[in-house]
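A.B. asks: Before anything else, here's the structure in question.
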Amino acid sequence: MISFKQIDLVYNDKKIIEQLSLDINKGDKIAILGKSGVGKSSLFYLLLGFVASYNGEVYFNNILIDGKTVWDVRKQIAFIDQDVSLGQGKAIDWIKLAFDFKCNFLQYFPEKEMDDLLEYFELSKDTLDKNIEELSGGERQRLAIITAILLNRKVFLFDEITSALDKHLKQKTVDFFIKHKEWTVIVISHDSVWLNHPKVKVFDLKEKKWRQ
Amino acid sequence: MAAVDISIFSLIIAILLFSIPIVLSRVYRIGLIKSLLYSAIRMSIQLVLIGFFLKYLFVWNNTILNIAWLGLMILVAVFSVIRSSSMKTNKVLIPAYISFSLATFGIVLFLNIVVIRLDYVFDARYLIVLGGMLLGNSLRGNIIGITAFYTNIKKDRKKFLYTLSLGASFNEAIFPYLRESIQLALKPTFASMATMGIVALPGMMTGVILGGTSLELAIKYQIMIMIGIVTSTITSILLTILMTLPVCFSKYGTLNQDIFV
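Chain order of the listed sequences is F and D.
Per our numbering, residue 10 is the first one in the first sequence, and the count goes up by one each step.
Per our numbering, residue 474 is the first one in the second sequence, and the count goes up by one each step.
Here it is in structure tokens:
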């Protein structure tokens with residue numbers, strides 16, 4: 010459902026990605042491996058149309074991503090960035106921000122589902138009333154994960170979203186996503202819970218091949 | 474009843490007032506003598522030249538010449554906005570110039586035609602003087618507004634991209650930045666409006682009062698020009714941003730990095 014075809018990406022006169030081809034099927038759980046600087050985040054940026062100039066083609070559901078189609082593609086992907094850019098203000102406002110946009114508009118905010126998720130990820134309800142600056146890295150990561158799930162999308166791009174969680178929570182997060190067979194999940198992670206999970210396929214970006 | 478004349482000799486005596494900052498600067502080593510003299514000399518030369526030009530502009534009072542002069546003033550204003558915004562001149566000059574021209578000419582002509590009801594709407598005394606007041610007073614706001622819009626999106630890059638990834642349309646994504654930059658730009662103007670007359674007697678009023686016109690008229694002119702300033706500031710910022718969007722953003726909705734110096 011997602012395919013990168015012969016991608017060449019140059020950034021600041023440096024070759025970030027060279028002749029990369031990669032196919033991802035629906036329902037795949039994939040971990041991208043590689044040292045920093047090999048273009049792991051760029052891979053997500055290509056899919057989301059955040060880099061405008063590169064050679065090669067990126068397809069999502071057989072649709073070529075360009076300046077026109079990317080706007081619809083984005084609506085089908087839940088993306089969380091490495092730094093979990095939350096901004097300022099109350100946590101609950103940040104979660105609800107996502108639902109202010111026309112494409113995510115809901116008649117009723119899914120309170121019940123949010124409460125269940127808070128419980129599963131072991132966050133107390135009063136976390137929502139705290140200011141984002143007061144939250145720990147792990148709390149922020151879990152809030153971002155919950156928001157991504159609430160968006161009700163089928164494709165997830167996660168850039169180092171479990172790094173600040175303890176072992177137990179890392180495992181719970183991985184289990185949650187593996188359990189949904191129809192979800193396509195691509196993670197950039199150094200966590201062994203992702204990398205060593207039997208259902209997760211690992212792609213080595215530097216060698217451009219699947220780890221056996 | 475015109476203002477009392479100041480002779481050149483009297484003006485030189487006025488310059489003697491500078492001895493106070495010069496002495497203070499010496500004693501406390503503030504180090505502002507050089508910039509003080511530079512600015513003072515620059516100001517004097519500019520004003521003498523402008524006085525010379527305006528004298529002829531007022532005498533000839535030629536429609537095309539008046540419009541061209543205001544056009545030139547707008548160009549200088551646009552250059553100073555772009556230079557302060559750290560954006561590349563060749564990328565944004567044309568859209569910014571068109572926006573500023575529309576805002577300035579539009580409002581000055583509205584004032585001349587509808588409010589003051591001049592018979593000759595391109596009269597240099599009104600077109601150039603009022604236009605200059607609009608430009609001069611909205612300059613700071615324009616600099617703040619346009620700079621804030623682009624630099625905030627650049628600074629908030631990750632948050633902006635997150636917004637796009639949520640599925641926001643381009644307008645939805647830029648809207649908070651647009652709102653924030655215009656509010657920021659108008660803050661000083663609103664503050665000066667709120668204290669006007671109490672803390673500061675604005676230039677427009679001072680001029681009209683010393684010129685010997687009635688106080689009532691001076692106040693009416695001042696109110697009119699302040700309305701014009703606020704309107705032209707909002708209009709020129711909004712138009713400039715809207716017209717530079719196609720140059721500054723890619724079709725993917727991301728900010729082009731090559732627009733900054």
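The beta-carbon is built from N, C-alpha and C at its ideal position, and this holds for glycine as well.
Please read these numbers as outputs of a predicted model, since none were measured by experiment.
(1) Using a Cβ cut-off of 9 Å (strictly closer), state whether D/Gly726 contacts chain F.
(2) Just how far apart, CA to CA, sit D/Leu728 and F/Lys179?
(3) Does DSSP put D/Tyr650 in a helix, a strand or coil?
(4) Are the C-beta atoms of F/Asp22 and some chain D residue less than 9 Å apart?
(5) I need the DSSP call for F/Trp192, collapsed to helix, strand or coil.
(6) Enumerate, from N- to C-terminal direction, the unbroken alpha helix (DSSP H) stretches of 4 or more residues contained entirely within the stretch 96-133 of chain F.
(7) Could you please tell me which residues of the stretch 109-122 of chain F, in chain order, have their CB closer than 9 Å to any CB of chain D?
(8) Among residues of its own chain, excluding the 5 on either side of F/Leu137, which ones have a beta-carbon nearer than 6 Å to its beta-carbon?
(9) For D/Tyr725, count the other beta carbons within 10 Å of its own beta carbon; 16 or more makes it buried, fewer makes it exposed. Which is it?
(10) Listed in chain order, which residues of the stretch 620-636 of chain D have Cβ atoms closer than 7 Å to some Cβ of chain F?
(11) List the residues of chain D that F/Val79 touches, going by C-beta distances under 7 Å, in chain order.
(12) What span of residues does the beta strand (DSSP E) with D/Ile421 cover, start to end?
(13) Can you grab the Cα-Cα spacing for the pair F/Lys111 / D/Gly701, in whole Å?
(14) Tell me whether F/Ser198 sits in a helix, a strand or coil according to DSSP, three-state version.
(15) Mind listing the chain F neighbours of D/Leu690? Cutoff is C-beta to C-beta under 9 Å, in chain order.
(16) Specify, as a first and last residue, the run of the alpha helix (DSSP H) that D/Ser754 falls within.
(17) Following the continuous alpha helix (DSSP H) through F/Ala87, name the residue where it begins and the one where it ends.
(18) Where does F/Ile170 sit, in a helix, a strand or coil, going by DSSP?
(19) Step through the CB atoms of chain D and report whether any lies within less than 9 Å of the CB of F/Leu126.
(20) So is D/Thr686 buried or exposed if we call it buried at 16+ other beta carbons inside 10 Å?
(21) Give me the Cβ distance between F/Leu166 and F/Phe53, rounded to the nearest whole Å; I'm assuming they're in contact under 8 Å.
(22) Residues of chain A with CB closer than 7 Å to the CB of D/Gly640, please, in chain order.
(23) Please name the residue or residues paired with F/Asp213 in a DSSP beta bridge.
(24) Which residues, taken in chain order from the stretch 641-659 of chain D, show a beta carbon closer than 9 Å to some beta carbon of chain F?
(25) Output the boundary residues of the alpha helix (DSSP H) element that contains D/Val532.
(26) Using the beta-carbon count (16 or more within 10 Å), is F/Glu191 buried or exposed?
(27) For D/Val581, report the span of its alpha helix (DSSP H) as first-last.
(28) List, in order along the chain, the chain D residues whose C-beta lies closer than 7 Å to that of F/Asp17?
(29) Cβ atoms of F/Phe59 and D/Leu634: under 9 Å apart, would you say?
(30) With a threshold of 8 Å (Cβ to nearest heavy atom), would D/Gly524 be considered close to the ligand PLP?
(31) Let me see if you follow: with CB-CB separation under 9 Å, is F/Asp102 close to chain D or not?
(32) Could you name the residues of chain D that F/Gly58 contacts, counting a contact when the two beta carbons are closer than 9 Å?
(33) Which residues does DSSP list as the beta-bridge partners of F/Asn64?
(34) Could you tell me the boundaries of the beta strand (DSSP E) in which F/Gln28 lies?
(35) Taking 9 Å as the threshold (C-beta atoms), are D/Thr708 and D/Ala576 in contact?
(36) Could you have a look at F/Ser51 and say whether DSSP puts it in helix, strand or coil?
C.D. replies: From the atom records:
(1) yes
(2) 35 Å
(3) helix
(4) no
(5) coil
(6) 100-106, 120-129
(7) Asp109, Phe110, Lys111, Cys112, Asn113
(8) Ala100, Ile101
(9) buried
(10) Lys631, Lys632, Leu634, Tyr635
(11) Tyr725
(12) Residue 421 of chain D cannot be examined here, being either before or after the span of chain D that is shown, 474 to 734.
(13) 36 Å
(14) coil
(15) Result: empty, since nearest Cβ-Cβ is about 49 Å, beyond 9 Å.
(16) The shown model of chain D, from 474 to 734, leaves out residue 754 of chain D, and the question about it has no answer.
(17) Not the alpha helix (DSSP H): F/Ala87 falls in the beta strand (DSSP E), residues 86-89.
(18) coil
(19) no
(20) exposed
(21) 5 Å
(22) Absence of chain A from the displayed structure is noted, the protein chains being F and D.
(23) F/Leu42, F/Lys218
(24) Ala641, Ser642, Phe643, Glu645, Ala646
(25) 506-533
(26) exposed
(27) 562-583
(28) In chain order: nothing, as chain D lies at least about 18 Å away.
(29) yes
(30) Within the structure as shown, the ligand PLP is missing, as the structure has no ligands at all.
(31) no
(32) Leu637, Ser723, Lys724, Tyr725, Gly726, Thr727
(33) F/Asp17
(34) 23-33
(35) yes
(36) helix
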